[in-house]
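**Student:** Counting along the sequence shown from 1, when you hit position 19 you're at 19 in the numbering used here, and nothing is skipped either side.
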Amino acid sequence: MFYFLRQNFFEHQNRVQLVGHTADTGALSWIDGHKFSVSLKPQTLMIDSKNGNNLPDFFDSTVPVMSNCLIAFLVNLGIDNMDTYLVLLHNNVTGEDVLGYSAINVIGCIDAIKLEGSQYRFRFGKPYFTGTIVIDEQKTGNLSFFRTLYGAGFIVISKNIADVLQKESWSGLLLQPTGNYEGV
Numbered sequence: 001m002f003y004f005l006r007q008n009f010f011e012h013q014n015r016v017q018l019v020g021h022t023a024d025t026g027a028l029s030w031i032d033g034h035k036f037s038v039s040l041k042p043q044t045l046m047i048d049s050k051n052g053n054n055l056p057d058f059f060d061s062t063v064p065v066m067s068n069c070l071i072a073f074l075v076n077l078g079i080d081n082m083d084t085y086l087v088l089l090h091n092n093v094t095g096e097d098v099l100g101y102s103a104i105n106v107i108g109c110i111d112a113i114k115l116e117g118s119q120y121r122f123r124f125g126k127p128y129f130t131g132t133i134v135i136d137e138q139k140t141g142n143l144s145f146f147r148t149l150y151g152a153g154f155i156v157i158s159k160n161i162a163d164v165l166q167k168e169s170w171s172g173l174l175l176q177p178t179g180n181y182e183g184v
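Encoded structure:
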């Protein structure tokens, strides 16, 4: 069984929002699963606190950003296929700067979705998933943290990783079984 690792947007939790990227981070594809060929110096990303002040451990955005605590936890679980890039979060409402976060690039993108059993339609010649997504365990090998070639663009984690993450209290983290995906 697999889960999508997502930011919890479904509950209003008074969280700050990440609002954009820099020219440097915007020039890179953060969902392709490939190592970047260029180095990236520390970046300043803008956050907006008009809807709340709570900082999530994961911003699931164009540039995925995690707290360094969550990154260290994942590394301690054996996740070694992500590159991290230090970021400074600048609150454009209060002017405050927040440290302790990094942009992450997941290394590993595999064609692991079983179309049989998944709910989708074709859009521009590619599957567009509208519901349940079935992951083919034979294609994942030993990977427990990856992206899929097609699909929602989310990070996929194994049940073992999800079970351990669920025992902790991470702010704003959603672990969604891929079989419970509803197109959003």
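The beta-carbon is built from N, C-alpha and C at its ideal position, and this holds for glycine as well.
1) Less than 8 angstroms between the beta carbons of R6 and Q176, yes or no?
2) Specify, as a first and last residue, the run of the alpha helix (DSSP H) that N76 falls within.
3) Using CA atoms only, rank isn't needed, just tell me which of N76, N51, L55, Y85 is closest to K35.
4) Give me the Cβ distance between Q43 and V93, rounded to the nearest whole Å; I'm assuming they're in contact under 8 angstroms.
5) Classify S118 as buried or exposed, calling it buried when 16 or more other Cβ atoms lie within 10 Å of its own Cβ.
6) Tell me the DSSP bridge mates of S144?
7) What are the boundary residues of the alpha helix (DSSP H) that I136 is part of?
8) Measuring only the C-alpha atoms, how far is L115 from I71?
9) For a test of the three-state rule: what should DSSP assign to G26, helix, strand or coil?
10) Give the DSSP-derived three-state secondary structure of K167 in the structure shown.
11) Checking the sheet assignment: what are the DSSP bridge partners for I157?
12) Using only alpha-carbon positions, find the residue among L55, D83, L74 that is nearest to S37.
13) Considering only residues of the same chain and omitting the five flanking positions on each side of V65, which have a CB-CB separation below 8 angstroms?
14) For N76, which residues of its own chain have a beta-carbon under 7 angstroms away from its beta-carbon, when the five flanking residues on both sides are left out?
15) Spatial neighbours of P127 within its chain, please: C-beta separation below 8 angstroms, excluding the five flanking residues on both sides.
16) Alpha carbons only, please: which of A27, T130, I110, N142 is nearest the one belonging to N160?
17) Output the distance between the C-alpha atoms of P56 and V16, rounded to the nearest integer angstrom.
**Tutor:** Inspection of the coordinates gives the following:
1) On the sequence shown, position 6 is the one that residue 6 refers to. On the sequence shown, position 176 is the one that residue 176 refers to. Going by C-beta atoms, R6 is nearer than 8 angstroms to Q176.
2) Reading the sequence shown from its first residue, position 76 is the one you call residue 76. It spans 68-76 - the alpha helix (DSSP H) in which N76 sits, taken as one unbroken run.
3) Position 35 of the sequence shown, counted from the first residue, corresponds to residue 35. Residue Y85 is the option with its Cα nearest to K35.
4) Stepping through the sequence shown from its first residue, residue 43 is reached at position 43. Stepping through the sequence shown from its first residue, residue 93 is reached at position 93. Between V93 and Q43 the Cβ distance is about 19 angstroms, and since that is not below 8 angstroms, they are no contact.
5) What you label residue 118 is simply residue 118 of the sequence shown in a count that begins at 1. Buried.
6) As a first step, residue 144 is located in the sequence shown; it is residue number 144 there, counting from the start. Answer by DSSP bridge pairing: none, since S144 is not bridged.
7) Position 136 of the sequence shown, counted from the first residue, corresponds to residue 136. Correcting the residue identity first, residue 136 is Asp in this sequence and not Ile. Here D136 belongs to no alpha helix (DSSP H), and DSSP marks it neither H nor E.
8) In the sequence shown, the residue the question calls residue 115 occupies position 115. In the sequence shown, the residue the question calls residue 71 occupies position 71. Cα to Cα, the separation comes out at about 31 angstroms.
9) Your numbering for residue 26 matches position 26 in the sequence shown. Note: G26 maps to helix in three-state DSSP.
10) On the sequence shown, position 167 is the one that residue 167 refers to. In this structure, K167 counts as coil in the three-state DSSP scheme.
11) Mapped onto the sequence shown, residue 157 falls at position 157. Its beta-bridge partners are Y3, F145.
12) Locating residue 37 in the sequence shown gives position 37, counting from the first residue. That would be D83, whose Cα lies nearest to the Cα of S37.
13) The residue given as residue 65 occupies position 65 in the sequence shown. Result list for V65: L18, L45, F58, F59, V87, L89, Y101, S102, A103, I104, in chain order.
14) Walking along the sequence shown from the start, residue 76 turns up at place 76. Nothing listed; no residue qualifies.
15) Reading the sequence shown from its first residue, position 127 is the one you call residue 127. Taken in chain order, the residues that qualify are I113, L115, S118, Y120, R121, Y150, G151.
16) On the sequence shown, position 160 is the one that residue 160 refers to. The candidate whose alpha carbon is nearest that of N160 is N142.
17) Along the sequence shown, one-based indexing puts residue 56 at 56. Along the sequence shown, one-based indexing puts residue 16 at 16. Cα to Cα, the separation comes out at about 8 angstroms.
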